[in-house]
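Shown next, in C-alpha cells, is the structure this report addresses.
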C-alpha cells in the first residue's frame, strides 16, 4: 500500500511517520528545502524538532510524485489553503483512492467542511471513501509514542477498517465511526472554544472556571454539530469531548495559546505574527458564528470569542458576560 500525506506540518508529519509502520509513505511539503532536510536528517526541525522520523519516510515537493499511485491520500493542509492544494493534487489522485482529511476547520465563505471541499474538488469520487482522522492527538505527544486514541470517520465500512489498520500502532488506538459530519464539526468547533478557555487561563482564573467553560463549551459544540447533521453520541466521544479537553487544557495547543496571550493583553496580530504554525480557530470562529446564525443555535462562548478576535472586545469581559447571562436550568443532553 502507498500512502501520500499532503502537508508537512506537525500533525501531517506525525501521521506520515505512523503510516510508515504499516505502508510505504510519502510526505509532501511545498518547500523543497524542507523536503531535503527531512530526507537528509530524518527530522522535520521546523515543526517537530527533536523527533526522529523513520528512515523509510520519503519527502517530496512534487504533488505528482506524492499522489500518483497512492491508495490512501491524507490531507494535512490548513483549511484556508485546503482547496487550493487539493485542486493542484487532484489530477494525480486515483478515483479508487481513499481520501482522509486531518484539517480541523471550516472553509471561509462557503462554510463547507473539508470533506465537502473534497467532494467538490474531486467530482465523482466515491463519497464513501472520503473521511477524517480526528481526536485528542497533540502531534508532539503522538510522535513521541505517548499512548492516546483517535477516531477515523468514514462511511464505507471496508475503508474504515483499512484506515483503522493503517493508523493503528501500539501507542495509538484507533476507533471507527461512520459519523463524518459529527467528527468533522467537533474538530472544527473545539478550536474556537479552546481560544475561550485560553483567555480564562491568561486572565489567571482557576480550574473551576476552566471546567465550567469546557463543559458549557461542549454543550455549544454539540448543539451546532447536531443541527448540522451530526450524531449526538459523537460529541461525547474522542472527536468531541476528548479533543475538546486536550485542546483546552494543553500548553501545546495553538488555539489555547492564542487565547492565553489575548488574556494577557497582547493583540491578535502580534500573537499570530510570532507563531510558526496555524491556529485554525482564529479563522474558523467567523464561520462557526455564521453557521450558528444560519441554524439559529445559541453559542454565547463562541460569539464572545468572535467579538474579541474581530471586534476588539475586552478579553476581561469574558467571565462577567457569561456569568451574568439570564439564569436558567441545566438541560440534559444537547438542548
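In this note's numbering, the protein residues as written are 163 to 497.
We treat Cβ as the ideally placed atom computed from N, Cα and C, and that holds for glycine.
Model, not experiment: these values are computed from the prediction.
- According to DSSP, residue 428 shares a beta bridge with no other residue.
- Straight through space, the alpha carbons of residue 429 and residue 360 are spaced by roughly 14 Å.
- Contact between residue 228 and residue 190 holds, since their C-beta atoms are separated by about 4 Å, short of 8 Å.
- The Cβ atoms of residue 329 and residue 314 sit closer than 8 Å to each other.
- The C-alpha of residue 171 lies about 11 Å from the C-alpha of residue 264.
- Taking the CA atoms as reference points, residue 488 sits about 12 Å from residue 462.
- In the three-state reduction of the DSSP assignment, residue 393 falls in the coil class.
- Here residue 445 is actually not in contact with residue 350; their C-beta atoms are around 10 Å apart, not less than 8 Å.
- Within the region 302-341, the complete beta strand (DSSP E) segments at least 3 residues long are 310-315 and 334-339, listed from N- to C-terminus.
- Annotation for residue 475: 466 and 469 place their beta carbon closer than 8 Å to its own, counting only its chain and skipping 5 residues before and after.
- Within the model, the alpha-carbon separation for residue 482 versus residue 405 is close to 26 Å.
- With fewer than 16 other CB atoms across the displayed protein chains lying within 10 angstroms of its CB, residue 437 is exposed.
- Bridge partners of residue 220 according to DSSP: 188.
- Per DSSP, residue 445 lies in no beta strand (DSSP E) segment; the continuous alpha helix (DSSP H) that holds it begins and ends at 442-456.
- Less than 8 Å divides the Cβ of residue 477 from the Cβ of residue 425.
- In this structure, the alpha-carbon of residue 194 lies about 11 Å from that of residue 201.
- Selection 235, 401, 378 and 276 evaluated against residue 245 yields 276 as nearest (Cα-Cα).
- Counting only the Cα atoms, residue 163 lies some 12 Å from residue 327.
- Note on geometry: alpha-carbon atoms of residue 258 and residue 480 lie some 48 Å from one another.
- A distance of 8 Å or more separates the beta carbons of residue 299 and residue 356.
- In the three-state DSSP reduction, residue 255 falls in the coil class, being neither helix nor strand.
- With contacts defined as CB atoms closer than 8 Å, residue 240 and residue 440 qualify as a contacting pair.
- Taken through DSSP and simplified to helix, strand or coil, residue 272 comes out as coil.
- In the three-state DSSP reduction, residue 300 falls in the coil class, being neither helix nor strand.
- With 16 or more other Cβ atoms inside 10 Å of its own Cβ, residue 209 counts as buried.
- In this structure, residue 261 lies away from residue 230, with their beta-carbon atoms at least 8 Å apart.
- For residue 263, the uninterrupted beta strand (DSSP E) segment begins and ends at 260-263.
- Sorting 304, 316, 447 and 198 by C-alpha distance to the C-alpha of residue 242 places 447 at the top.
- Buried is the label assigned to residue 225, since at least 16 other Cβ atoms lie within 10 Å of its Cβ.
- Between the region 293-308 and the region 316-325, the count of Cβ pairs shorter than 8 Å is three or higher; the stretches touch.
- When secondary structure is reduced to three states using DSSP, residue 421 falls in the helix class.
- According to DSSP, residue pairing for residue 237 in a beta bridge involves 168 and 263.
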